[in-house]
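Chemist: Take a look at the following structure, please.
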Amino acid sequence: MDYSAILLVVCFMILVAYLVTHSFSGRTPPGPIGLPIVGYIPYMTKKPYLDLMKLSKIYGSIFSIRLGAINVIVLGDYESTKEAFSMDAFIGRPPDSPFDLNKETLETEAFNGLPWIHQRRFSLHMLRDLGFGKSRMEDHIIDEIQELLKCIEKEGTGPIAIRTFLAPSMSNNIGSLVFGRRRQFDDPIRKMLDYSIQEGSKAAGQATWQIFFPWLRKILLFLRIGNLDTVAKTQLEFRSYASKEIEEHEATLNPNNIRDYIDGYLLEIKKRNDPAFCKPVLEDMIGAFFGAGSETVRITTEWLLLVAADMPHVRKKVQNEIDEVVGKDRVPTFADHVSMPYSMAVVMELMRWRTIIPINILRYTIADAELQGFFIPKHSYIIANLWEIHHNPAYWGADAEEFRPERFLSEDGTELLKSKYFIPFSIGKRSCPGEPMARVEVFLYFVSILQKFHLSLPQGVKADYEGVLGIGLTPKSQNICFRKRY
Numbered sequence: 134m135d136y137s138a139i140l141l142v143v144c145f146m147i148l149v150a151y152l153v154t155h156s157f158s159g160r161t162p163p164g165p166i167g168l169p170i171v172g173y174i175p176y177m178t179k180k181p182y183l184d185l186m187k188l189s190k191i192y193g194s195i196f197s198i199r200l201g202a203i204n205v206i207v208l209g210d211y212e213s214t215k216e217a218f219s220m221d222a223f224i225g226r227p228p229d230s231p232f233d234l235n236k237e238t239l240e241t242e243a244f245n246g247l248p249w250i251h252q253r254r255f256s257l258h259m260l261r262d263l264g265f266g267k268s269r270m271e272d273h274i275i276d277e278i279q280e281l282l283k284c285i286e287k288e289g290t291g292p293i294a295i296r297t298f299l300a301p302s303m304s305n306n307i308g309s310l311v312f313g314r315r316r317q318f319d320d321p322i323r324k325m326l327d328y329s330i331q332e333g334s335k336a337a338g339q340a341t342w343q344i345f346f347p348w349l350r351k352i353l354l355f356l357r358i359g360n361l362d363t364v365a366k367t368q369l370e371f372r373s374y375a376s377k378e379i380e381e382h383e384a385t386l387n388p389n390n391i392r393d394y395i396d397g398y399l400l401e402i403k404k405r406n407d408p409a410f411c412k413p414v415l416e417d418m419i420g421a422f423f424g425a426g427s428e429t430v431r432i433t434t435e436w437l438l439l440v441a442a443d444m445p446h447v448r449k450k451v452q453n454e455i456d457e458v459v460g461k462d463r464v465p466t467f468a469d470h471v472s473m474p475y476s477m478a479v480v481m482e483l484m485r486w487r488t489i490i491p492i493n494i495l496r497y498t499i500a501d502a503e504l505q506g507f508f509i510p511k512h513s514y515i516i517a518n519l520w521e522i523h524h525n526p527a528y529w530g531a532d533a534e535e536f537r538p539e540r541f542l543s544e545d546g547t548e549l550l551k552s553k554y555f556i557p558f559s560i561g562k563r564s565c566p567g568e569p570m571a572r573v574e575v576f577l578y579f580v581s582i583l584q585k586f587h588l589s590l591p592q593g594v595k596a597d598y599e600g601v602l603g604i605g606l607t608p609k610s611q612n613i614c615f616r617k618r619y
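Just add 133 to the spot in the sequence shown (first one is 1) and you have this note's numbering.
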């Protein structure tokens, strides 16, 4: 028997089947042909946002790529991303995720389908009612920052790992919003929450590739092997605590005194005849708030402090603006941002330059769609490369790879300029509902710390701006020296 001939025929059939499944129709986006079974994954590095950016230069701003068993459509420019994310067809989330959702959340599609619109709308209304953008929430953030400043001062002038203090401080902001109270940094529950968020997010980021091999993911989960087991364990502990909080809130609920997000959601459950509004979905909403609300703000602030320590010319300009607008003693408020264009430009440039979520969280089409002449079938996985949008020379100039806050300022430096291409919180119907709070937090933490301290790197140490990609692009742990001003 001629085994070589049989092998050749089998390989040919595999290739034909792959090409047929890879090309949905003549109008689907072009893209590279990877390897059987694994697709293009072997060619991807630890910086997929850069790999995809290189491919878009070959295949165009909309292209397709096979990752494992999954066909993925990649969007690499602002125009296609805006158009896609404004359509209901692109509002879905993939059925597979590193994070497990409750059965009720999956069955009602509260997170993964059109019902998310109602969850998002309610959350925005609830957050506004709780003082989003008003003095009530801002006062809490300011109090939390004052506690953080005391902790930094106690450490003296030696180099410290600022992440140790930022993480509990920022998750306390979300804790107050969701649970109605903060906890001391050394509180065992506070430590459990921080561990669940940080380790769970890191493990989920490392396990994301398993989404593209659904059969392998099930085997690894069954055998309790790999990062997904870490995600499951941290989620279980967090979810257990959230469930206990929900029960306690339900027992003491007063419709005339809404204390926090949980109270508001429990009342909404009673008002609506909607299975997508229930306690299991509330548990998942709490997890989403903590994961997205504390980690991304912490990461952004950590990057900003590294820039301030490494680039004294930037730090001095921010501090001069603080001294002029706020002064030495008054506590900064978010209202000050209107009179502090350079400080705001630094924040915005950091969000562009080190895009915290370089690849938009995976989307999933819930219906067939047409996008700029291409046919995008239902059940397609969608990636928007926000890093590429934020580093496109056509949008930002030839120096797009450089950190230059002035690109967000008028020529005389007195006015803050906005750009439609600046989308760190994504865009469209699934853009981050926590954006208003995040902007307040980042500004207040950054300005408050620089008001009180000079920042520098330990002697002989150079800043590392490479970052590590997990759920977000996190700076490598680097110690910073804080020297009291005035």
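Even for Gly, the Cβ is constructed at its ideal location relative to N, Cα and C.
Taking C-alpha atoms, which residue in D262, I293, I489, S589 lies nearest to V311?
Modeler: Residue 311 sits at position 178 when you count from the first residue of the sequence shown. Answer by Cα proximity: D262.
Chemist: I need the straight-line Cα distance from K609 to Y598, nearest angstrom please.
Modeler: Locating residue 609 in the sequence shown gives position 476, counting from the first residue. Locating residue 598 in the sequence shown gives position 465, counting from the first residue. Approximately 8 Å, taken between the alpha carbons.
Chemist: So, helix, strand or coil for N306, using DSSP?
Modeler: The residue you call residue 306 lines up with position 173 of the sequence shown. It is helical.
Chemist: Please confirm whether R616 and T290 have their CB atoms less than 8 Å apart.
Modeler: Here the question's residue 616 lines up with position 483 in the sequence shown. Here the question's residue 290 lines up with position 157 in the sequence shown. Cβ distance < 8 Å, so R616 and T290 count as in contact.
Chemist: Between R485 and P569, which are expected to be in contact by the criterion C-beta below 8 Å, what is the C-beta distance as a whole number of angstroms?
Modeler: Start at 1 with the first residue of the sequence shown, and residue 485 comes out as number 352. Start at 1 with the first residue of the sequence shown, and residue 569 comes out as number 436. Incorrect: roughly 19 Å between the Cβ atoms, too far for contact.
Chemist: How far does the beta strand (DSSP E) with Y514 in it extend, from its first residue to its last?
Modeler: By 1-based counting over the sequence shown, the position of residue 514 is 381. Y514 -> beta strand (DSSP E) spans 514-517.
Chemist: Could you check how far apart the C-beta atoms of Y554 and I522 are, in whole angstroms? I think they sit under 8 Å.
Modeler: Position 421 of the sequence shown, counting from 1, holds the residue named residue 554. Position 389 of the sequence shown, counting from 1, holds the residue named residue 522. Going by Cβ atoms, the distance from Y554 to I522 rounds to 6 Å, so yes, they are a contact pair.
Chemist: Check whether the Cβ atoms of I195 and L208 sit closer than 8 Å, and answer yes or no.
Modeler: Position 62 of the sequence shown, counting from 1, holds the residue named residue 195. Position 75 of the sequence shown, counting from 1, holds the residue named residue 208. The beta carbons of I195 and L208 sit closer together than 8 Å.
Chemist: Taking the beta carbon of A138 as the centre, do at least 16 other beta carbons fall within 10 Å, making it buried, or is it exposed?
Modeler: Along the sequence shown, read from residue 1 onward, the residue named residue 138 stands at position 5. Note that A138 scores 49 on pLDDT, short of 50, meaning its location in the model is unreliable and no value can be drawn from it.
Chemist: Looking at the structure shown, is A502 part of a helix, part of a strand, or coil, going by DSSP?
Modeler: Here residue 502 corresponds to residue number 369 of the sequence shown, with the count starting at 1. Reduced to three states, the DSSP call for A502 is strand.
Chemist: Grab the span of the beta strand (DSSP E) containing R616 for me, first residue to last.
Modeler: The residue given as residue 616 occupies position 483 in the sequence shown. Taken as a continuous stretch (DSSP letters only), the beta strand (DSSP E) holding R616 covers 613-617.
Chemist: Could you round the C-beta distance between S213 and Q611 to whole angstroms and report it? I think they count as a contact, below 8 Å.
Modeler: What you label residue 213 is simply residue 80 of the sequence shown in a count that begins at 1. What you label residue 611 is simply residue 478 of the sequence shown in a count that begins at 1. Wrong, their Cβ atoms sit about 36 Å apart, outside the cutoff.
Chemist: If you reduce the DSSP assignment to three classes, tell me which class T607 lands in.
Modeler: Along the sequence shown, read from residue 1 onward, the residue named residue 607 stands at position 474. Three-state result, T607: strand.
Chemist: Alpha carbon to alpha carbon, what distance is there between I307 and E286?
Modeler: Here the question's residue 286 lines up with position 153 in the sequence shown. Here the question's residue 307 lines up with position 174 in the sequence shown. Going from the Cα of E286 to the Cα of I307 covers about 24 Å.
Chemist: Is it the case that the Cβ atoms of L577 and I274 are separated by a distance below 8 Å?
Modeler: Sequence index remark: in the sequence shown, residue 577 carries index 444 (1-based). Sequence index remark: in the sequence shown, residue 274 carries index 141 (1-based). Cβ atoms of L577 and I274: closer than 8 Å.
Chemist: Would you kindly check if the distance between the Cβ of S304 and the Cβ of F423 is under 8 Å?
Modeler: Translated into the one-based positions of the sequence shown, residue 423 becomes position 290. Translated into the one-based positions of the sequence shown, residue 304 becomes position 171. Yes, Cβ-Cβ distance for F423 and S304 is below 8 Å.
Chemist: Across the stretch 215-227 and the stretch 510-529, are there enough close Cβ pairs to call them in contact, namely three or more that are closer than 8 Å?
Modeler: yes
Chemist: What is the rounded straight-line gap between the Cα of Q584 and the Cα of R448?
Modeler: Taking the sequence shown and counting its residues from 1, one reaches residue 584 at position 451. Taking the sequence shown and counting its residues from 1, one reaches residue 448 at position 315. Cα to Cα, the separation comes out at about 10 Å.
Chemist: Let me check one thing: in DSSP terms, what residues is H258 bridge-paired to?
Modeler: Here residue 258 corresponds to residue number 125 of the sequence shown, with the count starting at 1. Answer by DSSP bridge pairing: none, since H258 is not bridged.
Chemist: Quick one: grab the DSSP three-state call for P566.
Modeler: Here residue 566 refers to the residue found at position 433 when the sequence shown is read from its first residue. In this structure, P566 counts as coil in the three-state DSSP scheme.
Chemist: Once the 5 residues before and after I278 are set aside, which same chain residues still bring their CB inside 7 Å of it?
Modeler: Position 145 of the sequence shown, counted from the first residue, corresponds to residue 278. The answer, listed in chain order, is L577, Y578, S581.
Chemist: The alpha helix (DSSP H) that contains S472, what's its start and end?
Modeler: Working through the sequence shown from its first residue, we reach residue 472 at position 339. Counting along the chain, S472 falls outside any alpha helix (DSSP H), and DSSP gives it neither H nor E.
Chemist: Can you give me the start and stop residues for the beta strand (DSSP E) that N204 sits inside?
Modeler: Here the question's residue 204 lines up with position 71 in the sequence shown. Here the beta strand (DSSP E) through N204 covers 203-208.
Chemist: Hey, quick one: how far does the beta strand (DSSP E) through F508 stretch, first residue to last?
Modeler: By 1-based counting over the sequence shown, the position of residue 508 is 375. Here the beta strand (DSSP E) through F508 covers 507-509.
Chemist: Below 6 Å CB to CB, which residues in the same chain sit around K283 once its five sequence neighbours on both sides are set aside?
Modeler: Along the sequence shown, one-based indexing puts residue 283 at 150. Correct list: empty, nothing qualifies.
Chemist: Looking at V601 and T434, is the spacing between their C-beta atoms short of 8 Å?
Modeler: As a working note, residue 434 is residue 301 in the sequence shown. As a working note, residue 601 is residue 468 in the sequence shown. Against a cut-off of 8 Å, the Cβ pair of V601 and T434 comes out as no contact.
Chemist: Distance check for F244 and A441, CA to CA, integer angstroms please.
Modeler: To locate residue 441, count along the sequence shown from 1; it is residue 308. To locate residue 244, count along the sequence shown from 1; it is residue 111. Approximately 38 Å between the Cα atoms of the pair.
Chemist: When you compare the CB positions of E370 and S329, do they come within less than 8 Å of one another, or not?
Modeler: Counting from 1 along the sequence shown, the entry for residue 370 is found at position 237. Counting from 1 along the sequence shown, the entry for residue 329 is found at position 196. In this structure, S329 lies closer than 8 Å to E370 by Cβ.
Chemist: Tell me which residues share the same chain as G605 and place their Cβ nearer than 7 Å to its Cβ, disregarding the 5 neighbours each side in the sequence.
Modeler: Numbered from 1 along the sequence shown, position 472 holds the residue referred to as residue 605. Excluding residues within five positions, the ones whose Cβ falls inside 7 Å are E428, T429, I432, I489, I490.
Chemist: Quick one: using the 10 Å Cβ neighbour count with 16 as the cut-off for buried, is L168 buried or exposed?
Modeler: Translated into the one-based positions of the sequence shown, residue 168 becomes position 35. With fewer than 16 other CB atoms across the displayed protein chains lying within 10 angstroms of its CB, L168 is exposed.
Chemist: At 3 residues or longer, and completely inside the stretch 171-244: list those beta strand (DSSP E) runs for me, N to C.
Modeler: Qualifying beta strand (DSSP E) stretches, in chain order: 195-200, 203-208.
Chemist: For the alpha helix (DSSP H) containing H446, list its first residue and its last residue.
Modeler: If you number the sequence shown from 1, residue 446 lands on position 313. Its alpha helix (DSSP H) spans residues 445-458.
Chemist: Give the DSSP-derived three-state secondary structure of S476 in the structure shown.
Modeler: In the sequence shown, the residue the question calls residue 476 occupies position 343. Looking at S476 - three-state DSSP - the assignment turns out to be helix.
Chemist: Straight-line CA distance for P413 to L234?
Modeler: Along the sequence shown, read from residue 1 onward, the residue named residue 413 stands at position 280. Along the sequence shown, read from residue 1 onward, the residue named residue 234 stands at position 101. Cα to Cα, P413 sits roughly 9 Å from L234.
Chemist: Buried or exposed: which applies to A300, given that a residue is buried once 16 or more other Cβ atoms fall within 10 Å of its Cβ?
Modeler: Position 167 of the sequence shown holds residue 300. Its Cβ being crowded by 16 or more others within 10 Å, A300 is buried.
Chemist: Looking at the strands, I want to know which residues DSSP matches up with V601.
Modeler: Counting from one through the sequence shown, the residue named residue 601 turns up at place 468. Answer is T607, bridged to V601.
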